[in-house]
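> Residue numbers (our numbering): 104 to 416.
Cβ coordinates follow ideal geometry from the N, Cα and C atoms, glycine included.
Computed from a predicted structure; not experimentally measured.
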Amino acid sequence: MASTAPQTTANEATATMPTEWRDFFALTKPRVMTLVIFTAICGLLAAPGTIHPIIGFTAVLAIAMGAGGSAVLNMWWEADIDAGMKRTMSRPLPGGRMRREDARDFGIFLSATSLVLMGLAVGWLAAALLLGAIIYYAVIYTMWLKPRTPQNIVIGGGAGAFPPLIGWVAVTGDITAMPLLLFAIIFFWTPPHFWALALFVQTDYAKVGIPMLPVVAGEKVTRNQIMGYTVLLVPIAIAPWVIGGTSWIYGSVAVVLSALFVLLALPVFTRTRAEDDAMTPEKTLFKFSILYLFILFAALVADRVAFYQGWIA
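(1) Work out the CA separation of Ala-264 and Arg-200 for me, nearest whole Å.
(2) Taking Cβ to Cβ, would you say Pro-294 is nearer than 9 Å to Tyr-332?
(3) Taking C-alpha atoms, which residue in Leu-316, Ala-362, Phe-303, Arg-207 lies nearest to Pro-338?
(4) Can you list the alpha helix (DSSP H) stretches of 4 or more residues lying completely in the region 115 to 192, in chain order?
(5) Using a Cβ-Cβ cutoff of less than 6 Å, which residues in the same chain neighbour Ala-105 once the five nearest sequence positions on both sides are dropped?
(6) Buried or exposed for Asp-307, please, with buried defined as at least 16 other CB atoms from any protein chain shown within 10 angstroms of its CB.
(7) Taking Cβ to Cβ, would you say Cys-145 is nearer than 9 Å to Val-359?
(8) If Thr-142 and Pro-267 are in contact, beta carbons under 8 Å, what's the gap, nearest whole angstrom?
(9) Checking 9 Å against the spacing of the C-beta atoms, do Ile-329 and Leu-388 come in under that value?
(10) Which residues bound the alpha helix (DSSP H) around Pro-370?
(11) Pick out whichever of Val-274, Tyr-239, Phe-364 has its Cα sitting closest to the Cα of Ala-149.
(12) Output needed for Val-163: all residues of its chain with C-beta closer than 8 Å, excluding positions within five of it in sequence on either side, in chain order.
(13) For the alpha helix (DSSP H) that Pro-338 lies in, which residues bound it at each end?
(14) Looking at the unbroken alpha helix (DSSP H) that takes in Trp-292, where does it start and where does it end?
(15) Would you please state the rounded distance, in angstroms, between the beta carbons of Phe-391 and Leu-336? I believe it to be under 8 Å.
(16) Can you tell me which of the three DSSP states Arg-194 falls into?
(17) In angstroms, rounded to a whole number, what distance separates the CA positions of Ala-402 and Gly-172?
(18) If I measure Cβ to Cβ from Ile-393 and keep anything under 8 Å in the same chain, skipping five residues before and after, which residues do I get?
(19) Classify Ile-256 as helix, strand or coil using the three-state DSSP reduction.
(20) Could you name the residues of the same chain whose beta carbon sits closer than 6 Å to that of Phe-400, not counting the 5 residues immediately before and after it, in chain order?
(21) Could you check whether the region 235 to 248 touches the region 125 to 135, counting it as contact only if at least three pairs of C-beta atoms, one from each stretch, sit closer than 8 Å?
(22) How would you write the range of the alpha helix (DSSP H) that Tyr-395 sits in, first residue to last?
(23) So what's Asp-277 in DSSP terms, helix, strand or just coil?
(24) So, for Leu-233: in the same chain, excluding its five sequence neighbours on each side, which residues have a beta-carbon less than 8 Å away from its beta-carbon?
(25) Is Leu-302 buried or exposed, if buried means 16 or more other CB atoms sit within 10 Å of its CB?
(26) Going by DSSP, what residue range makes up the alpha helix (DSSP H) through Trp-227?
(27) For a test of the three-state rule: what should DSSP assign to Trp-414, helix, strand or coil?
(28) Is Leu-223 near Met-178, with beta carbons less than 9 Å apart?
(29) Near Ala-116, what residues of its chain come up, given a Cβ to Cβ distance below 8 Å and the 5 sequence neighbours on each side ignored?
(30) Using alpha carbons as the reference points, say which of Val-175, Pro-343, Ile-258 lies closest to Ala-280.
(31) What's the C-alpha gap between Ile-256 and Glu-123?
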């Protein structure tokens, strides 16, 4: 089993390469950050009511800083694990381009600043939710769940589900069924999304002792779980329309996208093993799952714009 405490890798101990701003930026996981920022903006724009543009920008900035800070703390804690995985060994810490202490301090600074900014400029309920998201990802998922249980992604999926909830609360100041459904969509989307990736990089996780589901339970169980969570996702994705929180615009997009998600999950479910070459069903599902979330949340905003413009009742 992988270590649950930070260790100093050989690259870090002998690091002599100068640290650049790009290395600090890379620690924030900018690709993941894109999805975080996008869903936060969608939650903010789809919420009923209005928010001053500057306050709205500040809310998104605070969410981005909080997500970036927790990502930095994740990389600080997992530097020794990253050093043993092919897809992560070139990151700033295992690559020897930064001291571990600098990464830790940067993560704490970003996280703390985001909370103060959110609390003072937007509201303390939004700040409390942001604090929950940071602790969820940097502590509960990274330090506790990931090295201990194959259900790490299921439980830890809540970390990535906070941004649209926080964006909505920044506008309304309260928590209702709609933002909770947005949270639930990302929560149930995360397992099929991440396990599709885990199927074709499972050797990396096995090498460093991380108990991802394909490594611990095997591919068959993982494929069954992917299909199960995909099916569960369908009614949750459609629920905002069903409860009257959106119109047919979002509803039709949710139905079509979710049907495609199921169709792409079927080949993953029926396969016996993952391949390393070509565009496998696992890689196709993984890439589509990202597109799925972007389009679904964009439809949510389009629905709200159509309502305000009077195009729909």
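A quick look at the data gives this:
(1) 31 Å
(2) yes
(3) Ala-362
(4) 124 to 130, 133 to 149, 156 to 180, 182 to 186
(5) With a pLDDT of only 42 at Ala-105, under 50, the local geometry of the prediction cannot be trusted, and no value is derived from it.
(6) buried
(7) no
(8) 5 Å
(9) yes
(10) 351 to 373
(11) Val-274
(12) Ile-140, Ala-143, Ile-144, Leu-147, Gly-270
(13) 322 to 345
(14) 280 to 303
(15) Between Leu-336 and Phe-391 the Cβ distance is about 13 Å, and since that is not below 8 Å, they are no contact.
(16) coil
(17) 29 Å
(18) Leu-138, His-296
(19) helix
(20) Thr-142, Cys-145
(21) no
(22) 384 to 411
(23) coil
(24) Ala-165, Ile-166, Gly-169, Ser-217, Leu-218, Met-221, Phe-265, Ile-269
(25) buried
(26) 227 to 238
(27) coil
(28) no
(29) Any reading at Ala-116 must be qualified, since the residue scores a pLDDT of 42, below 50, and its modelled position is unreliable; the value itself is stated next. Contacts found: none.
(30) Pro-343
(31) 32 Å
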